[in-house]
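Residue numbers (the working numbering): 919 to 1338.
Inspection log for the structure reproduced underneath, given as structure tokens.
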């Protein structure tokens, strides 16, 4: 019975996506007419994701504000944590956007006959007065109907602060939004489970309509993104750690097995309890580790910030959109806000990427192309998220003199010698 169960075991989602992608390439290459008809499958998948964006982001922003306010008792630790989270993620977003602009990644990608009518006016400049006024919604329900995220985020921040200010009277509403957000994330899981079929449809259509060249270009994007991940892990993080006098590579060695686990599963959440415990053994104060690490899972998704920024610039360049200084500032501001409070679930960055593309007025077809390779990128993205969220508690503990790496290392050496 157990042997048959193993034989009939459902393949992993990643394997399903690979199979769907391979099948789509084959169908689109050998049967153009059939491939063109299969676009509907990819469109349904994208509609499923788009349907969830606003109902997901609204409660997540509210709960993020509630969590921040509940953290006041941690005083300086909370303050330092949020300053660090926002500084590092914003810095990575700025670097990634500028690299995407300077390298022109995606500019040689052939979009075929994809309509770009929705881009009209995007490169004409931004009126900052109108931009900031648009953040405050005169009609919240209109903002919901239009899917305009910045006004929704603004209202969510105010509602979160109001719920905190009324104390226990606001608790039922907070519990409701907690349940609602969990339901939305479950809906994301359901929608993502349709990804193999969606990828099959999109690749079948893409290959039939535009040929095999597009797929090769996406392969270049995957390699480019992994190169960016390596730069962050092997250059940016070590520089930050050196500045705070933290043994970065010793930390990498300490959590190396957790990184491998995250890379193979594509989800950073699977190692959260183990990561907190491992950081304690590394010398981080239990209070700092238990507080900063889970907080970083919402506010310090470094890998997601790099990927979303590069993917957005890929789509921008693909449709030959010119972003001036004002547009870049607005994009960085939006990405800084929208990447906060998004739980580290597999492929959750797809939701944020689609939100960013929608805010810029970019066609959803560009995001659809990213979906076809997202599961390959997600492994590296999740691993970078974990490395960043391992480094943050160590830095905060070091600044609070709550990091005892040398003491723990000496204790471990003495214990090993005693065993001998």
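Built from N, CA and C at the ideal position, the CB exists for glycine as well.
(request) Determine contact between the stretch 1078 to 1096 and the stretch 1247 to 1256, defined as no fewer than three beta-carbon pairs at a distance below 8 Å. (result) Touching, no, given that fewer than three Cβ pairs across the two stretches are closer than 8 Å.
(request) Report the option in 1292, 1017, 1090, 1308 whose CA atom is closest to the CA atom of residue 1149. (result) Here the closest residue by C-alpha is 1017.
(message) According to DSSP, simplified to helix, strand and coil, what is residue 1321?
(response) Note: residue 1321 maps to strand in three-state DSSP.
(message) When you compare the CB positions of residue 1224 and residue 1302, do they come within less than 8 Å of one another, or not?
(response) Cβ atoms of residue 1224 and residue 1302: closer than 8 Å.
(request) Look at the alpha carbon of residue 1227 and the alpha carbon of residue 1279, and state the distance between them as a whole number of angstroms. (result) Looking at the two C-alpha atoms, the distance is approximately 15 Å.
(request) Taking only the alpha-carbon atoms, compute the straight-line gap between residue 1076 and residue 1271 and give it to the nearest angstrom. (result) Residue 1076 and residue 1271 have their C-alpha atoms spaced approximately 25 Å apart.
(request) Using only alpha-carbon positions, find the residue among 1057, 1008, 1127 that is nearest to residue 1248. (result) Minimum Cα distance to residue 1248 is reached at 1008.
(request) Tell me, to the nearest whole angstrom, how far the beta carbon of residue 995 is from that of residue 1206; I am working on the premise that it is less than 8 Å. (result) About 6 Å separates the two Cβ atoms, so the contact holds.
(message) To the nearest angstrom, how far is the alpha carbon of residue 1258 from that of residue 1073?
(response) In a straight line, the C-alpha of residue 1258 is about 15 Å away from that of residue 1073.
(request) Consult DSSP for residue 1239 and reduce its assignment to one of helix, strand or coil. (result) In the three-state DSSP reduction, residue 1239 falls in the coil class, being neither helix nor strand.
(request) List the endpoints of the continuous alpha helix (DSSP H) containing residue 1212. (result) Start and end: 1204 to 1217.
(message) If I measure Cβ to Cβ from residue 956 and keep anything under 6 Å in the same chain, skipping five residues before and after, which residues do I get?
(response) These residues qualify, in order along the chain: 1119, 1122, 1123.
(request) Look at residue 1061 and residue 1055 and say whether their C-beta atoms are less than 8 Å apart. (result) Contact flag set, yes.
(request) Please confirm whether residue 1070 and residue 962 have their CB atoms less than 8 Å apart. (result) At a Cβ-Cβ threshold of 8 Å, residue 1070 and residue 962 do not count as neighbours.
(message) For residue 959 and residue 1115, what's the separation of their Cα atoms in angstroms?
(response) Roughly 7 Å between the two C-alpha positions.
(request) Quick one: give me the first and last residue of the alpha helix (DSSP H) that residue 928 is part of. (result) Element bounds for residue 928: n/a, residue is neither H nor E.
(message) Going residue by residue through the stretch 1088 to 1124, where are the continuous alpha helix (DSSP H) segments of at least 4 residues, counting only ones entirely within it?
(response) Taking only runs of at least 4 residues, the alpha helix (DSSP H) segments lying wholly in the stretch 1088 to 1124 are 1089 to 1111.
(message) Mapping the DSSP letters down to three states, classify residue 1003 as helix, strand or coil.
(response) Helix at residue 1003.
(message) For a test of the three-state rule: what should DSSP assign to residue 1130, helix, strand or coil?
(response) For residue 1130, the secondary structure class from DSSP, reduced to helix, strand or coil, is coil.
(message) Less than 8 Å between the beta carbons of residue 939 and residue 1117, yes or no?
(response) Yes, the pair counts as a contact, with Cβ atoms nearer than the cut-off.
(request) Answer yes or no: do residue 984 and residue 1113 have a C-beta to C-beta separation smaller than 8 Å? (result) Taking 8 Å as the cut-off, the Cβ atoms of residue 984 and residue 1113 do not count as close.
(message) Could you compute how far the alpha carbon of residue 1316 sits from the alpha carbon of residue 1210?
(response) Residue 1316 and residue 1210: Cα-Cα distance of roughly 13 Å.
(request) Output the distance between the C-alpha atoms of residue 1165 and residue 1145, rounded to the nearest integer angstrom. (result) Whole-angstrom Cα-Cα distance: 23 Å.
(request) Could you check how far apart the C-beta atoms of residue 1284 and residue 1273 are, in whole angstroms? I think they sit under 8 Å. (result) Residue 1273 and residue 1284 do not touch by the CB rule: their CB atoms are close to 13 Å apart, not below 8 Å.
(request) Return the chain-ordered list of same chain residues with a C-beta closer than 7 Å to the C-beta of residue 1204, the five sequence neighbours on each side being excluded. (result) Once the five neighbours on either side are set aside, the close Cβ partners of residue 1204 are 1198.
(message) Nearest by alpha-carbon distance to residue 1299: which of 970, 1178, 1103 is it?
(response) Of 970, 1178, 1103, the residue nearest in Cα terms is 1178.
(message) Using only CA atoms, which one of 929, 1243, 1221, 1318 lies nearest to residue 1295?
(response) Comparing Cα-Cα distances from residue 1295 to each of 929, 1243, 1221, 1318, the minimum goes to 1221.
(message) Here's the rule I'm using: 16 or more other beta-carbon atoms within 10 Å means buried, otherwise exposed. How should residue 1242 be labelled?
(response) So residue 1242 counts as exposed.
(message) Output needed for residue 1306: all residues of its chain with C-beta closer than 6 Å, excluding positions within five of it in sequence on either side, in chain order.
(response) The residues 1218, 1220, in chain order, have a CB closer than 6 Å to that of residue 1306 in the same chain once the five nearest residues on each side in sequence are set aside.
(message) So, at 8 Å on beta carbons, what are the nonlocal neighbours of residue 881 in its own chain, with the 5 sequence-adjacent residues on each side left out?
(response) Residue 881 falls outside the range modelled here, since the chain spans only 919 to 1338, and no answer is possible.
(request) Use the C-beta contact count for residue 1186: other C-beta atoms within 10 angstroms, 16 or more gives buried, fewer gives exposed. (result) By the 16-neighbour rule on beta-carbons within 10 angstroms, residue 1186 is buried.
(request) In angstroms with no decimal places, state the Cα-to-Cα distance between residue 1015 and residue 1086. (result) If you take the alpha carbons of residue 1015 and residue 1086, they lie about 42 Å apart.
(message) Taking the alpha carbon of residue 1078 as the reference point, which residue from 1059, 1153, 967, 979 has its own alpha carbon closest?
(response) Ranking 1059, 1153, 967, 979 by Cα distance to residue 1078 puts 979 first.
(message) Using the three-state DSSP reduction, which class does residue 1165 fall into: helix, strand or coil?
(response) The answer is coil: DSSP assigns residue 1165 none of H, G, I, E or B.
(message) Taking 8 Å as the threshold (C-beta atoms), are residue 1023 and residue 1147 in contact?
(response) At a Cβ-Cβ threshold of 8 Å, residue 1147 and residue 1023 do not count as neighbours.
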